[in-house]
Every structure is written in structure tokens, then in C-alpha cells.
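Heads up: the sequence shown begins at 668 in the numbering used here, then just goes up one per residue.
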Amino acid sequence: MQPVTTRSKGEPKQSRPVRVAEAIKDWVVEQGLQVGDRLPSEPELISRFGMAKGTIREAMRILEAQGLVKTRSGPGGGCFVHEVSKERARALLGNYFYFKDLTIADIYQLRRVLEPELAAQLAGQLPEDILAQLEANIGAYSEPAKTLDDEREQHIASLRFHALLAAQSDNDLLAFLIDFMVNILSDLTVYRRLYSPPNIQLWANGRDYQMRLVEALRRGDADEARQIMRNHMETAQELMEGQEAEMQRRFISE
């Protein structure tokens, strides 16, 4: 029988199904099960973990809600180990920060550290089709925006450039963190209207840095790529904090 770990003193009390769900996760890791592998049947889980049917079923519902298992019915059905998608993980983590009142400074504190190293890592490593995708993305904001809607879309597109870069990293954690920050910043930009008023300096500087960065990546110049991205992040933070301050000023005046 697999023991169900009890909580340590001072830890929040967990319900029995939650503890069993954690024990099942530990068992999956110990057994080396991979995505797509079938989990034991319900009677086997009842026997293995020494819990009632209702507790096991609730534990499995918890794991399914977390995206860690998937149930299929019909012939060949059952409960299988499932991989949490990047989109689901991003959404769950985003929920944690929903009420945290993140600021531009909070986000750029990490971007200034991580993104220059990503740029250096990718210098000379990107195939021409990826470089072409980055250039095509820059082309989406080749001219200053003429309307507020255009300005909003250009902000989001310019951030997509960084998500495209992150997707090329062979460091899954680095790629996820940068992609997550890009999406958080996109959301902040939209619902706090940080694209208003239009900022021609933010557009011009961002586009120039990105064009220079693509060339440094193509040449394989890691030091230059790192420095360009560092300057890009520092300038973007300063200008975005200005947009944030303007938004707060308008809010107070209204």
C-alpha cells in the first residue's frame, strides 16, 4: 500500500482527496510513467492507496482539473497521464497574479535579466526561416499607428516578437518565463490602456532595436545581441513606465 503523506506542522490543512491526489502524483513520478501511459484501474488505486472509492474518485477529478490526467471512455479507455499544455499552465499561473497588481517595473525587473541572455544564447543558432518570421513580425508595425486601435495592435505585435524568440530557446523554463511575462504585459497593455496616448518614441525605438537585434542574431554576434536586448529592455521600461504614469494621472483626474 502506498502511504499518503500527512502534512507537516504549520502547513495548511489539506482535504483527504487532495492528499491522495498528491500521493498519486508522487507515485507516477516514482514509477517513471510518461505522457500517455495508463494509470491503474479504480479498484487497483483503492487497494494501492487504502482509500474509499469516493476519495479516489475525487482525487482523480482534482488531477484531471489540474490537467495532469485525462480520462477516455469506450474501448481502450481509462485514465492516462496527460501533459499540461503551455497555454493551460500560463492561464493557471496568470490566475495567481490576477489580484497582485503587477507594475511595469515588476515585469521589466525580470525581462532585463532574462531576455538579454536569451538573445545571446540564440545568436548564430536561428535558421533563416525563423529570422524571416521575426522580420515579418517587425513588418506588422512598419509605420506609426494612425488610430488607437492600430496602436493597441502594434503594441501586442511588438511583444509577439519576444514570444517568437522565446519559443526558439532549448531551455524550456527560460522560454516559458519569457513567454509568460510577454503575455502578462500584453494583458496589462490592453486592460490598462497603456497604448494611449500613442507614443511615437516607443514605436520608433522598439522597432529599431528589434531590427538591429535580428541582424546581430543572423551574424552570430552574441555580445552585441545581448547588449542590444539589454538597451531595448531599459528603454522600453522607461517609456512604458511613462505610459503607466499617464494612465494613473488620467484615472485620478477623471
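For each residue, glycine too, the CB sits at the ideal point set by N, CA and C.
Beta-bridge pairing of residue i - partner residues as DSSP gives them
i, result
"Lys-737", "Phe-747"
For residue i, the three-state DSSP class (helix, strand or coil)
i, result
"Arg-715", "helix"
"Arg-686", "helix"
"Arg-705", "strand"
"Gln-792", "coil"
"Ser-853", "helix"
"Asp-837", "coil"
"Gly-909", "helix"
"Gly-721", "helix"
"Leu-826", "helix"
"Pro-710", "helix"
"Leu-844", "helix"
"Gln-681", "coil"
"Leu-831", "helix"
"Leu-700", "coil"
Rounded Cβ spacing between residue i and residue j (contact assumed at less than 8 Å)
i, j, result
"Met-848", "Ile-774", "6 Å"
"Thr-722", "Glu-731", "15 Å between Cβ atoms; not a contact."
"Ala-903", "Glu-891", "In fact, because the Cβ distance is near 18 Å, the residues do not count as touching under 8 Å."
"Ile-851", "Leu-781", "Not confirmed; about 13 Å, so no contact."
"Met-907", "Leu-861", "7 Å"
"Val-881", "Leu-826", "Not really, about 16 Å apart at Cβ, beyond 8 Å."
"Gln-726", "Pro-684", "A quick correction: the sequence has Ala, not Gln, at residue 726. Contact holds; Cβ gap of about 5 Å."
"Thr-856", "Ile-823", "7 Å"
"Ala-897", "Arg-778", "Correcting the residue type first, residue 897 is Arg in the shown sequence and not Ala. Actually they are not in contact, since the Cβ atoms of Arg-897 and Arg-778 sit about 10 Å apart, beyond 8 Å."
"Leu-801", "Phe-843", "About 20 Å; that fails the 8 Å criterion."
"Ala-812", "Pro-864", "Going by Cβ atoms, the distance from Ala-812 to Pro-864 rounds to 11 Å, so no, they are not a contact pair."
Closer than 8 Å to chain D by CB, residue i
i, result
"Ala-787", "The structure shown contains no chain D; it is built from a single protein chain."
Practice task
Please confirm if the stretch 708 to 725 is in contact with the stretch 751 to 759, defined as three or more CB-CB distances below 8 Å between the two stretches.
Solution key: no
Problem - Those runs of the beta strand (DSSP E) which lie wholly inside the stretch 859 to 897 and span at least 3 residues - result: Listed in chain order, there is nothing to give.
Exercise for the section: Give a yes or no on contact between the stretch 806 to 818 and the stretch 897 to 912, applying the rule of three or more CB pairs nearer than 8 Å. Expected result: no
Practice task
Identify every run of the alpha helix (DSSP H) within the stretch 749 to 821, keeping only runs that are complete inside it and at least 4 residues long; order them along the chain.
Solution key: Taking only runs of at least 4 residues, the alpha helix (DSSP H) segments lying wholly in the stretch 749 to 821 are 753 to 763, 771 to 789, 795 to 806.
Exercise for the section: Kindly confirm or deny that the stretch 813 to 824 and the stretch 859 to 871 touch, where touching means at least three C-beta pairs closer than 8 Å. Expected result: yes
Handout entry: Cβ contact (3+ pairs, closer than 8 Å) linking the stretch 741 to 748 and the stretch 778 to 791
Key = no
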